[in-house]
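5 is the number of the first residue of the sequence shown in my numbering; add one for each residue after it. By construction, the Cβ of each residue, glycine as well, lies at the ideal position given by its N, Cα and C atoms. None of the values given here were measured: they were computed from a predicted structure. Here's the structure, in structure tokens; my notes come after.
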Amino acid sequence: MSNVYDNILGLIGNTPMVKLNAVTREIPAKVYAKLESCNPGHSTKDRIALHIIEKAEEKGILTPDSVIVETTSGNTGFSVAMVSIVKGYKCILAVSDKTKAEKIAYLKALGAQVYVCPANVPADDPRSYYEVAKRIAAETPNSVYINQYFNELNIDAHYQTTGPEIWEQTEGKVTHLFACTGTGGTLSGSAKYLKEKNPNIKIIGVDADGSILKGYHETGKINPLDIKPYQIEGMGKNLLPSALLFDQIDQFVKVNDEMSAYRTREIALKEAIMGGYTCGAVTQGLIQYAAANNFGPDDLVVLIFPDHGSRYITKVYSDEWMAQQGFVNNCVHNYDEVFKTEYIK
Ligand SMILES: Cc1ncc(COP(=O)(O)O)c(C=O)c1O
């Protein structure tokens with residue numbers, strides 16, 4: 005039998021790459037998107053959930069009714085819930101009360117027990133979702149706290165899988181890797197592997213306007229003035245995750261909510277790839293980088309597309325939401341004019 009699996013976890017990893025033919029046509033390099041939405045939990049976070057849980061199993065930490073704890077309502081929550089079902093563990097997610105009801109329903113549909121904690125308390129308040137998760141993990145014997153921002157196995161998951169896949173899929177011809185950085189695990193682990201294979205590969209992190217990561221990379225200091233609210237979920241941070249290996253990254257590019265949103269919708273309309281908001285952000289990062297750096301026909305660029313657009317139907321794919329943000333070009337279906345005037349100089 006071929007292409008047949010013992011359970012859903014067999015589908016994690018080995019995601020395909022697809023050439024971008026329209027959106028990046030001004031760039032004289034070959035550009036491929038690695039579609040992490042093809043993981044069974046529809047995001048790159050399946051890789052770290054599986055890896056962290058299997059490493060705990062190898063260490064003998066987990067027993068049949070063990071508990072897996074995490075603090076996210078995002079992609080990692082879905083992935084941890086999925087892996088927990090198949091492996092027979094209980095999954096507890098502590099989320100903030102800002103989390104949309106539909107997301108909580110999704111997590112519960114995957115069997116997770118969800119604790120909703122107040123968002124407007126400091127991180128060290130006993131009611132915060134960080135503290136609740138820590139307490140559950142500390143009080144529950146044989147539990148595992150995924151703690152993706154500060155877990156080196158997050159990096160290792162991508163060192164073991166994403167990096168080698170990119171190397172093999174491009175037959176070692178990759179010259180540039182771009183990824184949005186949240187925990188930093190995807191880019192750091194992939195970069196570590198790829199730089200061991202070829203230290204000349206350029207590794208570019210894409211950061212959010214409102215995050216400290218780019219500034220820290222350039223100065224070694226956190227600039228509080230960099231911190232401001234932004235809409236893109238999953239990328240950027242106001243603290244330094246230990247899963248982000250700054251020394252593996254050659255350069256950061258900062259992108260804003262508005263251009264990333266247009267770009268996400270442009271990718272759907274022109275490439276028929278329905279990606280999440282950070283797929284637009286990483287593509288926007290490449291286009292900004294290309295405005296200042298030369299590419300040639302021998303360059304082969306890989307962009308990580310972390311998740312699927314179905315999770316953003318009421319956000320970046322909603323004309324109403326776009327209008328509420330003041331993103332005035334939201335109804336323009338021929339984006340060429342917008343991009344020419346806005347930022348392709
Ligand atoms: C949608 C999305 N894009 C990008 C990222 C960034 O990936 P990483 O945390 O590996 O840096 C995340 C991570 O949370 C994410 O959920």
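Run the proximity test for residue 219: is its beta-carbon closer than 7 Å to any non-hydrogen atom belonging to ligand 1? no
Are residue 307 and residue 286 touching if we call contact CB-CB under 8 Å? yes
What residue from 174, 222 and 218 has the CA that sits closest to residue 205's CA? 174
Give the secondary structure of residue 209 by DSSP, where H, G and I count as helix, E and B as strand, and everything else as coil. strand
So, is residue 288 buried or exposed, given that buried needs 16 or more other C-beta atoms within 10 angstroms? buried
Write down the C-beta distance between residue 208 and residue 293 rounded to the nearest angstrom, noting that I regard them as a contact closer than 8 Å. 6 Å
Opposite residue 82 in the DSSP bridges: which residues? Beta-bridge pairing links residue 82 to no other residue.
For residue 239, verify whether its CB is less than 7 Å away from any heavy atom of ligand 1. yes
Terminal residues of the continuous beta strand (DSSP E) containing residue 221? No beta strand (DSSP E) contains residue 221, which is instead part of the alpha helix (DSSP H) from 217-223.
At a cut-off of 7 Å, is residue 300 close to ligand 1 when judged by its beta-carbon and the heavy atoms of the ligand? no
Report yes if the C-beta distance between residue 49 and residue 80 is below 8 Å; otherwise report no. yes
List the endpoints of the continuous beta strand (DSSP E) containing residue 74. 71-74
Threshold first: 4 residues or longer. Then list the alpha helix (DSSP H) segments lying entirely within the segment 151-188, N to C. 156-164 and 166-173
Should residue 144 and residue 35 be called a contact, given that it needs their Cβ atoms to be closer than 8 Å? no
Beta carbon of residue 45: closer than 7 Å to some heavy atom of ligand 2? Looking at this structure, you won't find ligand 2 anywhere; what it does contain is ligand 1.
Any idea if residue 52 is buried or exposed, counting beta-carbon neighbours within 10 angstroms, 16 or more meaning buried? buried
Could you tell me which whole beta strand (DSSP E) segments of length 3 or greater appear in the segment 272-328? 304-309
For residue 276, count neighbouring C-beta atoms within 10 Å of its own C-beta (all shown protein chains included) and say buried if the count is 16 or more, exposed if not. exposed
8 Å contact criterion, which residue 154 and residue 247 should meet: CB distance rounded: 7 Å
Rank 195, 6 and 241 by C-alpha distance to the C-alpha of residue 216 and give the top, closest one. 241
Comparing the CB of residue 198 with every heavy atom of ligand 1, is any distance shorter than 7 Å? no
Rounding to the nearest angstrom, what Cα-Cα distance links residue 68 and residue 147 in this structure? 11 Å
Distance check for residue 196 and residue 251, CA to CA, integer angstroms please. 10 Å
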